[in-house]
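Asks: One structure follows; several queries about it will come next.
Numbering (the UniProt record's numbering), first residue to last: 1 to 323.
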């Protein structure tokens with residue numbers, strides 16, 4: 001039987017962490033261990049966690065960071081402290097459905113080649129009441145992308161944008177041999193997901209296995225996009241977004257190239273294609289008229305559709321966004 005480790009990151013989470021831990025401790029399939037990494041909470045988060053876990057009967061470790069690491073590095077700290085075959089990630093403020101660990105364990109048991117598994121989630125407000133939509137709707141994950149991921153061809157989807165939310169994710173701990181250390185330019189979940197797609201197999205479960213709480217203080221969250229929000233994104237100042245995308249993609253290309261035969265040549269070629277277009281986008285001039293030819297040339301080539309997060313929306317961004 002596979003050993004299951006739960007890795008939880010906390011920071012001033014006293015309002016919700018007890019409820020989250022109780023849903024983990026009441027799973028139909030109990031975890032082998034729970035590792036909590038606290039990033040310098042100034043409330044009573046650590047005391048609440050300690051009180052619950054010391055009376056749980058579940059093996060546990062509570063790590064207290066002397067210096068704040070930030071979300072991604074805190075998760076790295078937590079997962080590296082785990083010992084189980086499978087690591088299941090948890091935020092501090094969500095609500096797990098009773099069968100989450102059982103469902104994940106069944107998938108990994110049945111599929112030795114499965115590296116990362118993530119699921120849908122029910123979106124709820126601060127009180128736990130349903131917001132009327134699910135996470136995959138908020139992320140606008142298309143039927144084609146879901147089909148590709150199910151078929152074992154998730155790398156192109158994840159290269160465009162991350163669709164695997166860490167709060168719903170479980171992975172084989174062996175992935176850390178490739179993924180650690182996590183680059184600071186990447187969020188932990190997207191780094192784990194795209195590397196899993198490159199060197200192993202990633203899949204998703206269509207069913208919600210957690211309630212994903214949105215309360216205004218989330219360090220990472222998801223909102224259902226409105227038309228107005230999409231228009232504002234097209235017209236907001238460019239800032240460093242394109243430069244950051246180019247830097248991140250460069251880090252990915254370097255990582256994939258270092259893995260040699262573990263990575264399919266087509267995936268490395270695709271990553272290099274994304275790097276090329278992201279560098280082009282980062283170098284676009286401030287003058288909108290001067291952007292037209294390079295942007296339309298890339299649009300005709302199909303690379304916006306192949307390599308950018310929103311395809312035609314990204315074309316509009318590059319044409320109209322102020323610098």
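Just so you know, even glycine gets a beta-carbon here, dropped at the ideal spot from N, CA and C. Since the structure is predicted, the reported quantities are computational estimates derived from the model, not experimental observations.
Near residue 366, what residues of its chain come up, given a Cβ to Cβ distance below 6 Å and the 5 sequence neighbours on each side ignored?
Replies: In the structure displayed, the chain extends from 1 to 323; residue 366 sits before or after that span and is not available.
Asks: Which whole runs of the alpha helix (DSSP H) in the segment 145 to 205 are 4 residues long or more, in chain order?
Replies: Complete alpha helix (DSSP H) runs here, min 4: 155 to 160, 176 to 179, 188 to 199.
Asks: Enumerate in chain order the residues of its own chain whose CB-to-CB distance from residue 74 is below 6 Å, with the five nearest sequence positions on each side excluded.
Replies: Correct list, in chain order: 9, 37, 39.
Asks: Do three or more CB pairs link the segment 257 to 268 to the segment 195 to 209 at distances below 8 Å?
Replies: Yes, they touch.
Asks: When DSSP labels each residue in this structure, what does residue 325 get in the three-state scheme?
Replies: With the chain represented from 1 up to 323, any question about residue 325 goes unanswered, as that position is not in the structure.
Asks: Cα-Cα, which of 193, 95, 84 is closest to residue 163?
Replies: If we check each option's Cα against that of residue 163, 193 comes out closest.
Asks: So within the segment 16 to 101, which uninterrupted beta strand (DSSP E) runs reach at least 3 residues, ignoring any that extend past its ends?
Replies: Listed in chain order, they are 33 to 38, 59 to 64, 86 to 90.
Asks: Give the C-beta separation of residue 7 and residue 44 to the nearest angstrom, bearing in mind that I take them to be a contact with Cβ-Cβ under 8 Å.
Replies: So it is not a contact: roughly 21 Å between Cβ atoms.
Asks: Helix, strand or coil for residue 213? Go by DSSP, reduced to three states.
Replies: If DSSP states are grouped into helix, strand and coil, residue 213 belongs with the strands.
Asks: Determine, using beta carbons only, whether residue 120 comes closer than 8 Å to chain D.
Replies: The displayed structure is made up of one protein chain only, and chain D is not part of it.
Asks: Whole angstroms is fine: what's the gap from residue 316's alpha carbon to residue 245's?
Replies: Cα to Cα, residue 316 sits roughly 17 Å from residue 245.
Asks: Buried or exposed: which applies to residue 28, given that a residue is buried once 16 or more other Cβ atoms fall within 10 Å of its Cβ?
Replies: By the neighbour-count rule (16 or more Cβ atoms within 10 Å), residue 28 is not buried but exposed.
Asks: What residues in its chain sit with their C-beta under 8 Å from that of residue 270, if we drop five residues either side in the sequence?
Replies: Correct list, in chain order: 155, 156, 159, 306, 307.
Asks: Determine the DSSP secondary structure at residue 350, reduced to helix, strand or coil.
Replies: Since the first and last residues shown for the chain are 1 and 323, residue 350 lies out of range.
Asks: In terms of residue numbering, what span does the alpha helix (DSSP H) encompassing residue 300 cover?
Replies: Taken as a continuous stretch (DSSP letters only), the alpha helix (DSSP H) holding residue 300 covers 288 to 301.
Asks: For residue 320, count the other beta carbons within 10 Å of its own beta carbon; 16 or more makes it buried, fewer makes it exposed. Which is it?
Replies: Exposed, by the Cβ-count rule.
Asks: Could you give the residue range of the beta strand (DSSP E) that holds residue 115?
Replies: First-last of the beta strand (DSSP E) with residue 115: 114 to 124.
Asks: Output the distance between the C-alpha atoms of residue 202 and residue 150, rounded to the nearest integer angstrom.
Replies: Their backbone Cα atoms lie some 8 Å apart in a straight line.
Asks: Could you spell out where the alpha helix (DSSP H) holding residue 316 opens and where it closes?
Replies: Unbroken alpha helix (DSSP H) run through residue 316: 312 to 320.
Asks: Which residues does DSSP list as the beta-bridge partners of residue 130?
Replies: 124.
Asks: On the three-state DSSP scale, how would you describe residue 8?
Replies: Strand, per DSSP.
Asks: What is the DSSP secondary structure of residue 254, counted as helix, strand or coil?
Replies: Residue 254: helix per DSSP, three-state reduction.
Asks: Report yes if the C-beta distance between residue 207 and residue 318 is below 8 Å; otherwise report no.
Replies: Cβ atoms of residue 207 and residue 318: not closer than 8 Å.
Asks: Is residue 207 helix, strand or coil when you go by DSSP?
Replies: If DSSP states are grouped into helix, strand and coil, residue 207 belongs with the strands.
Asks: Should the segment 138 to 148 be called in touch with the segment 179 to 186, which here means at least 3 C-beta pairs below 8 Å?
Replies: Counting Cβ pairs under 8 Å, fewer than three are found: no touch.
Asks: Which residue marks the beginning of the alpha helix (DSSP H) containing residue 137, and which one marks its end?
Replies: Segment 135 to 138, the alpha helix (DSSP H) holding residue 137.
Asks: Can you list, in chain order, the residues of its chain whose CB lies under 6 Å from that of residue 249, leaving out five sequence neighbours each side?
Replies: The answer, listed in chain order, is 274, 275, 278.
Asks: Below 8 Å, can you find three or more Cβ-Cβ pairs linking the segment 79 to 91 to the segment 20 to 34?
Replies: Yes, the segment 79 to 91 touches the segment 20 to 34.
Asks: Do residue 166 and residue 189 count as a contact pair if the criterion is CB distance below 8 Å?
Replies: Contact: yes.
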